[in-house]
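Mapping the sequence shown onto the working numbering, position 185 (from 1) lands on 187, and the numbers just tick up by one. Heads up, the thing below is written out as structure tokens.
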Amino acid sequence: MTISPHAQLAPVLRSLKLTGMLETLDARLAEARAGTLGHVEFLQVLCQDELARRDAAAISRRLRSAHLPSAATLEGFDFSYNPKIPAAQIRDLARLEFLAAGEGLCIYGPVGVGKTHVAVALAHQACRRGYDALFVTASRMLADLAGGHADRSFATRLKTLAKPALLVVDDFAMRDFSLAQADDFYELVCERVGKPGHGLVLTSNRSPADWYPLFPNAVVGESVLDRVINSSHHLLLEGRSYRPNRRPGRSPKADR
């Protein structure tokens, strides 16, 4: 009995972990039999199928590791709802040139105007572009770093936050920093800010000018914010809250 090409190739492809090729093998063999693919083209499209599968798998891994709170994207952001939203600036930031340059981004404005949506969308975009990203709220980040002092894992925890190409810290400057929290954030800023290929995105309900009084030590506060504010793009979001559109029975438009 003649063994089919699929039966011959499938074990080899599985052994080599070429599952992208395996998934499209039957379709490509049919094209080859129909005469639409020559020998070289047949091999080329199979390789392209494998690369496409690996790219998709890598994006999925990066998105899982980013711990994004939603699947928000810029494509899903309703720019028409708020005429005051600086759409051109947001689309320019989505090119991620600020990340490659080691610059940051401060997104601020009143509640409900889309700060978190934009920040998550930029992280989503970064993952699709091949960058590692991580999303964390400011309170959870500071609590995690504080725990590192208790079990002597501070350096490891700091490294985890310093490593991703894009770090999004949501709800920054909601309350006063303690002395220890200010010192911990200073360490993180020193590890990340100004390094090419590393970007820091902060979202806040307060203007950056109002962050200074939140630091108990003015010297530390000045050192931190001088680095952060002066190395970052500033994105002010104003206008109506999107949240009324998320009430039960209404279609969602955007996260906060």
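Glycine included, C-beta positions come from ideal geometry on N, C-alpha and C. From a predicted model like this one, the values you see are computed outputs, not experimental measurements.
When DSSP states are grouped into helix, strand and coil, phenylalanine 187 belongs to the helix group.
Take glutamine 91, set aside five residues on each side of it, and the residues of its chain with a beta-carbon closer than 7 Å to its own are Leu237, in chain order. When secondary structure is reduced to three states using DSSP, valine 170 falls in the strand class.
The C-alpha of glycine 199 lies about 6 Å from the C-alpha of alanine 167.
No Cβ-Cβ contact shorter than 7 Å links arginine 142 with glycine 150. A residue is called buried once 16 or more other Cβ atoms fall within 10 Å of its Cβ, and cysteine 129 is buried on that count. Cβ-Cβ separation between alanine 123 and alanine 135: approximately 11 Å, too far for a contact (criterion under 8 Å). Here leucine 98 is not near glutamate 52, since their CB atoms are 7 Å or more apart.
If you compare the alpha carbons of Arg131, Leu216, Ser209, Asn207 with that of phenylalanine 187, the shortest gap goes to Leu216. Rounded to the nearest whole angstrom, the CA to CA distance from alanine 182 to leucine 144 is 9 Å. Glycine 201: not part of any alpha helix (DSSP H); member of the beta strand (DSSP E) spanning 201-206, first to last residue. Per the DSSP secondary-structure output, valine 138 pairs in a beta bridge with Val171. Counting only the Cα atoms, asparagine 232 lies some 10 Å from leucine 107. Under the DSSP assignment, serine 72 falls outside any alpha helix (DSSP H); it carries neither an H nor an E label. In the DSSP secondary-structure assignment, serine 234 is bridged to Gly106. Ranked by how close their Cα comes to the Cα of glutamate 105, the residues Lys197, Arg242, Thr162 have Lys197 in first place.
Our two residues, proline 7 and glutamate 25, have alpha carbons roughly 14 Å apart in a direct line. Tyrosine 133 and leucine 27 have their alpha carbons spaced roughly 30 Å apart. If the five residues before and after arginine 16 are omitted, its C-beta is found closer than 8 Å to the C-beta atoms of Leu24, all from its own chain and listed in chain order.
DSSP places leucine 20 in the coil class of the three-state scheme, outside both helix and strand.
Under the three-state reduction of DSSP output, serine 180 falls in the coil class, being neither helix nor strand.
Secondary structure at arginine 194: helix, using DSSP grouped into helix, strand and coil.
Distance from the CA of cysteine 192 to the CA of aspartate 185, rounded to the nearest whole angstrom, comes to 11 Å.
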